[in-house]
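Right, one structure below, let's go through it.
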Amino acid sequence: MLSVKNLMRRVAARFGYEISVNTTPRSDGDGTFEHAREMVSGATMLPRKRLVSLYDQVVYCNAIGLQGSMVECGVWKGGAVGLMALALKSTGGPLRDLHLFDSFQGICEPDPAVDGELAIKEVGYRPDLSDGVIKAVKGIYDPLGGHGTVAESKALIEQRIGYPSARVHYHVGWFQDTVPVARDQIGPIALLRLDGDWYASTKVCLDNLYDLVVPGGFIILDDYGTYEGCRKATDEFLLGRGIQAYLHTVDRGCYYLIKPE
Ligand SMILES: C[S@@+](CC[C@H](N)C(=O)[O-])C[C@H]1O[C@@H](n2cnc3c(N)ncnc32)[C@H](O)[C@@H]1O
């Protein structure tokens with residue numbers, strides 16, 4: 040079916056005009072991105088390429104007026120969300136709700152049955168999941184300054200960046216507990232960033248939040264190329280739902296897809 044947007048484009052074309060949306064990436068050229076990156080450095084583990092891609096995606100969402108909030112599952116010290124806040128502010132366009140999901144006590148233990156050798160090697164032991172209780176891996180973020188806290192995200196996003204507090208929502212706890220509850224409360228999503236590394240963490244987010252992403256919205260899988268569990272959860276989800284979407288590569292670890300109509 041011909042959308043109103045396409046109809047307008049065709050009418051304009053008949054009269055020799057072209058309607059286009061200004062989606063010029065802001066990450067190269069005017070220094071806005073570099074300034075944003077400096078502000079969030081130390082509060083994010085993301086390498087430059089992932090930050091560039093994220094910044095441009097957020098700017099693009101405002102440029103085309105995509106509806107919805109920005110959500111990150113796995114925020115650590117809030118640097119990636121801080122970058123999103125700065126990208127939104129840079130457009131002069133609407134500020135959106137930001138949803139931050141994290142245990143704020145560190146990553147949970149991987150499951151040796153689905154998360155693969157690299158995950159187990161990185162946490163340094165074979166977790167015992169026999170009691171079914173989700174436990175934080177101790178000390179894994181110590182070399183980077185420890186696990187993230189709500190206070191650190193608040194200090195960065197609300198105080199240093201000056202994003203309005205009423206627009207920043209903290210969902211504190213394991214995704215397995217917080218995401219299914221939030222699903223009925225947070226409304227449409229323009230950009231969903233999943234950065235929880237493991238199978239169960241990725242699965243619960245896709246199962247509950249994918250449907251909230253608007254068509255044309257972004258779903259970023261920070262660990263798809265790195266951890267078996269994230270890849271398995273994503274592949275199973277897409278296959279199980281019959282979703283055909285190209286997985287774009289940001290770098291060897293990070294991938295994203297654009298939600299099909
Ligand atoms: C790799 S870090 C996120 C990095 C962050 N996006 C950045 O900009 O640097 C992973 C984060 O996910 C959180 N996390 C992982 N699994 C989780 C789960 N199942 N529930 C809640 N938080 C989780 C950890 O606490 C940690 O802060």
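Sequential numbering of the sequence shown, starting at 40, is according to our numbering. Where a beta carbon is used, it is the ideal one built from N, C-alpha and C, also for glycine.
Review point. Any chance the segment 130 to 148 sits against the segment 182 to 199, with 3 or more Cβ pairs inside 8 Å?
Key: yes
Check your understanding: Is the beta carbon of K196 within less than 6 Å of some heavy atom of ligand 1?
Key -> Before going on, a small fix: residue 196 reads as Ile here, not Lys. Checking the Cβ of I196 against ligand 1 gives no.
Point to revise | Enclosing alpha helix (DSSP H) for Y99 [first to last residue] | key: 87 to 102
Practice item. Give the single residue among A124, D136, K128 whose Cα lies nearest to the Cα of P227. Key: D136
Review point. Roughly how many angstroms separate the alpha carbons of D262 and K128, rounded to a whole number?
Key: 27 Å
Review point. On the three-state DSSP scale, how would you describe P182?
Key: helix
Check your understanding: At a cut-off of 6 Å, is I146 close to ligand 1 when judged by its beta-carbon and the heavy atoms of the ligand?
Key -> yes
Point to revise | L183 Cβ short of 6 Å to ligand 1 heavy atom set | key: no
**Study point:** Sheet register partners of H74 (DSSP bridge)
**Key:** Its beta-bridge partners do not exist; DSSP assigns none.
Practice item. Would you mind sorting R76 into buried or exposed? The rule is 16 or more other CB atoms within 10 Å of its CB. Key: buried
Review point. Straight-line CA distance for L233 to S204?
Key: 22 Å
**Study point:** Proximity to E275 [Cα-Cα], best of V243, G292, K116, F257
**Key:** V243
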